[in-house]
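Presented below is the structure to which this report refers.
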Amino acid sequence: MDIDPRRLRVLHEVARRGGVMRAAEALYLTPSAVSQQLAQLEREVGLPLIDRSQRSVSLTPAGRVLAGYAERVEEELIEAKRELTRFTERLAGPVRIAAFPTVIKHVLVPAMRELAVRHPKITPTIHEIYGQPALQELRLGSVDVLITELDMGLPALSQPSLGTRLLYVDEYRVVLPPDWPDPPSTVPDLLRRPWVAGEPNQACGQALERLAGLHGYEPRKVHVITEFGPTLALVAAGHGVAIVPALALLDVPEGEVRVSEIRDVGARRVDIVTRVSRTRSGEPDPVQAVVIGVIEETTASLEARLRGRLGEPVA
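Number 4 in UniProt numbering belongs to position 4 of the sequence shown; there are no gaps in the numbering.
Shown next, in the form of structure tokens:
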């Protein structure tokens with residue numbers, strides 16, 4: 001019997017939440033996707049797991065038994081890994097990390113270099129995925145460590161089965177074309193200009209919507225761009241203004257864009273999100289804990305470098 005552990009997680013959430021709809025919300029899946037996962041799991045085990053004879057979905061006796069094992073399987077695997085680390089001085093094993101491009105480039109690449117020196121038997125894999133799809137993969141167990149971004153004007157992610165820790169507060173900067181003769185000096189003046197805007201589900205897009213709402217303007221979004229490289233290129237070419245995080249300016253050549261003196265536009269929070277451990281010890285997976293520690297150290301060094309790059313005092 002070959003059972004996909006991700007489908008076990010779906011079954012466990014259906015049992016825990018009391019239905020497909022609530023499980024779908026918790027897993028950031030559609031109800032149809034949850035139903036498909038359950039149907040595939042039934043084919044894998046060769047038994048009906050869902051009682052569909054009534055209006056509300058409930059588990060069959062076999063489904064309840066398997067759902068009970070689903071949670072214990074993950075707990076026991078984490079405990080086993082922790083126990084095994086006592087027999088060796090070196091931690092080992094895979095860690096799957098999901099993040100967005102600026103963090104991959106400026107945090108994860110140097111962190112993985114340091115990790116390879118300290119713990120060569122840990123094998124990280126990085127996935128460029130963010131937003132709701134990334135949360136879905138974390139909840140299903142396809143990702144172990146997730147790095148997220150969110151405008152500071154919005155509440156931090158809070159889910160009972162997920163643990164969120166602040167990694168870094170990345171202050172926004174307003175960037176302007178370098179040859180504009182009359183650069184805006186206030187936020188209302190800024191909002192009247194053409195914009196190279198971020199996607200609404202990204203932190204910089206959320207920041208623009210927040211500023212527009214506060215000042216009662218509808219920004220003129222000439223371009224809507226996902227990545228910071230093309231955003232900065234469009235600004236440099238004179239196509240509009242943009243909000244970018246300070247981290248995105250690390251590799252921008254001097255004079256390519258003008259960084260505005262306007263600073264009251266907020267910041268994005270960069271968080272590390274993991275699944276909450278429900279093991280006997282209550283401690284996190286030891287391999288994941290080491291990886292997170294290296295990421296946090298790398299981020300602290302990067303913050304000092306960034307302040308120097310932008311001409312700010314290093315705390």
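Note that the Cβ used here is the ideal one computed from N, Cα and C, for glycine as well.
(1) In terms of residue numbering, what span does the alpha helix (DSSP H) encompassing V143 cover?
(2) Which residues bound the alpha helix (DSSP H) around E13?
(3) If we ignore side chains and look at the alpha-carbon of each, how far apart do L234 and A15 end up?
(4) Taking the alpha helix (DSSP H) that L154 belongs to, which residues open and close that run?
(5) List the residues that DSSP assigns as beta-bridge partners of I163.
(6) What beta strand (DSSP E) runs, 3 residues minimum, are completely inside the stretch 206-266?
(7) Using DSSP bridges, identify the partner residues of T123.
(8) Taking V34 as part of the alpha helix (DSSP H), name the residues at either end of that continuous run.
(9) Which residues does DSSP pair with G198 in a beta bridge?
(10) Check the DSSP bridge columns for R269 and list the partner residues they point to.
(11) Is S301 helix, strand or coil when you go by DSSP?
(12) Please report the distance separating the alpha-carbon of R165 from that of G229.
(13) Please list the terminal residues of the continuous alpha helix (DSSP H) segment that includes R22.
(14) Between V143 and the rest of its own chain, which residues show a CB-CB distance below 8 Å, the 5 nearest in sequence each way excluded?
(15) How many Å lie between G205 and G198 at the Cα?
(16) What did DSSP end up calling D285 once you bin it into helix, strand or coil?
(17) Leaving out five residues on either side along the sequence, give the residues of the same chain with a beta carbon under 7 Å from the beta carbon of V252.
(18) To the nearest whole angstrom, what separates the beta carbons of Y168 and V265, a pair I think is in contact under 8 Å?
(19) Let's test the definition: count the other Cβ atoms within 10 Å of the Cβ of V109 and tell me whether it reaches 16, buried, or not, exposed.
(20) Less than 8 Å separating the beta-carbons of A207 and T102?
(21) Taking N201 as the reference, which of P178, V244, A237 and Q132 has the closest Cα?
(22) Kindly confirm or deny that the stretch 290-309 and the stretch 106-120 touch, where touching means at least three C-beta pairs closer than 8 Å.
(23) Is D179 helix, strand or coil by DSSP?
(24) Quick check: what's the CA-CA separation for R43 versus Q36?
(25) CB-CB under 6 Å to R6, same chain, minus the five flanking residues each way: which ones, in chain order?
(26) Run through DSSP, which three-state label would I129 get?
(27) If I measure Cβ to Cβ from T298 and keep anything under 7 Å in the same chain, skipping five residues before and after, which residues do I get?
(28) Whose C-beta lies closer than 7 Å to the C-beta of R220 among residues of the same chain, with five residues either side of it excluded?
(29) What first and last residue would you give for the alpha helix (DSSP H) that runs through L191?
(30) On a CA-only basis, which of L250, L41, L211 and T226 is nearest L306? Give me that one, please.
This is what the structure gives:
(1) By one-based count along the sequence shown, residue 143 stands at place 143. V143 -> no alpha helix (DSSP H), and no H or E assigned at all.
(2) Your numbering for residue 13 matches position 13 in the sequence shown. Its alpha helix (DSSP H) spans residues P5 to R17.
(3) Counted from its first residue, the sequence shown places residue 234 at position 234. Counted from its first residue, the sequence shown places residue 15 at position 15. In a straight line, the C-alpha of L234 is about 50 Å away from that of A15.
(4) For the purposes of this step, residue 154 is taken as residue 154 along the sequence shown, with counting starting at 1. From DSSP, L154 is part of no alpha helix (DSSP H); its letter is neither H nor E.
(5) Working through the sequence shown from its first residue, we reach residue 163 at position 163. Note on identity: in this sequence residue 163 is Gly, with Ile being the wrong assignment. Note: G163 is bridge-paired with T274 in the DSSP secondary-structure output.
(6) 220-225 and 242-245
(7) Position 123 of the sequence shown, counting from 1, holds the residue named residue 123. T123 pairs with P94.
(8) The residue you call residue 34 lines up with position 34 of the sequence shown. P31 to V45 is the extent of the alpha helix (DSSP H) around V34.
(9) Residue 198 sits at position 198 when you count from the first residue of the sequence shown. In DSSP, G198 forms a bridge with I225.
(10) Residue mapping note: residue 269 aligns to position 269 of the sequence shown, counting from 1. Answer by DSSP bridge pairing, in chain order: L150 and V169.
(11) Walking along the sequence shown from the start, residue 301 turns up at place 301. S301: helix per DSSP, three-state reduction.
(12) If you number the sequence shown from 1, residue 165 lands on position 165. If you number the sequence shown from 1, residue 229 lands on position 229. Distance between the alpha carbons of R165 and G229 is about 28 Å.
(13) To locate residue 22, count along the sequence shown from 1; it is residue 22. From DSSP, the alpha helix (DSSP H) with R22 extends over V20 to L27.
(14) Within the sequence shown, numbered from 1, the residue matching residue 143 stands at position 143. Only R96, I97, A98, H127, I129, A134 and E137 meet the Cβ criterion.
(15) Along the sequence shown, read from residue 1 onward, the residue named residue 205 stands at position 205. Along the sequence shown, read from residue 1 onward, the residue named residue 198 stands at position 198. Near 4 Å, if we compare the C-alpha coordinates of G198 and G205.
(16) Working through the sequence shown from its first residue, we reach residue 285 at position 285. It is coil, neither helix nor strand.
(17) Translated into positions along the sequence shown, residue 252 becomes position 252. Closer than 7 Å at the Cβ level, and outside the excluded window around V252, lie L232.
(18) The sequence position of residue 168 within the sequence shown is 168, counting from 1. The sequence position of residue 265 within the sequence shown is 265, counting from 1. At roughly 17 Å, the Cβ-Cβ gap does not stay under 8 Å, so Y168 and V265 are not in contact.
(19) Sequence index remark: in the sequence shown, residue 109 carries index 109 (1-based). Classification of V109: exposed, given that the 10 Å Cβ count is below 16.
(20) Against the sequence shown, residue 207 aligns to sequence position 207. Against the sequence shown, residue 102 aligns to sequence position 102. No; because the gap between Cβ atoms is not below 8 Å, this pair is not in contact.
(21) Locating residue 201 in the sequence shown gives position 201, where the first residue counts as 1. For the residues P178, V244, A237 and Q132, the minimum Cα distance to N201 belongs to Q132.
(22) Taking a cut-off of 8 Å on C-beta distances, the stretch 290-309 touches the stretch 106-120, as three or more cross pairs fall below it.
(23) Here residue 179 corresponds to residue number 179 of the sequence shown, with the count starting at 1. Note: D179 maps to coil in three-state DSSP.
(24) Residue 43 sits at position 43 when you count from the first residue of the sequence shown. Residue 36 sits at position 36 when you count from the first residue of the sequence shown. Rounded to whole angstroms, R43 to Q36 spans 11 Å at the Cα level.
(25) For the purposes of this step, residue 6 is taken as the residue at position 6 of the sequence shown. Within the same chain, R6 has close Cβ partners L140 and G141.
(26) In the sequence shown, residue 129 corresponds to position 129, counting from 1. If DSSP states are grouped into helix, strand and coil, I129 belongs with coil.
(27) Here residue 298 corresponds to residue number 298 of the sequence shown, with the count starting at 1. Cβ within range, chain order: V107, P110, A111 and E114.
(28) The sequence position of residue 220 within the sequence shown is 220, counting from 1. Once the five neighbours on either side are set aside, the close Cβ partners of R220 are P194 and W195.
(29) In the sequence shown, residue 191 corresponds to position 191, counting from 1. From DSSP, the alpha helix (DSSP H) with L191 extends over V187 to L191.
(30) Start at 1 with the first residue of the sequence shown, and residue 306 comes out as number 306. Here the closest residue by C-alpha is L250.
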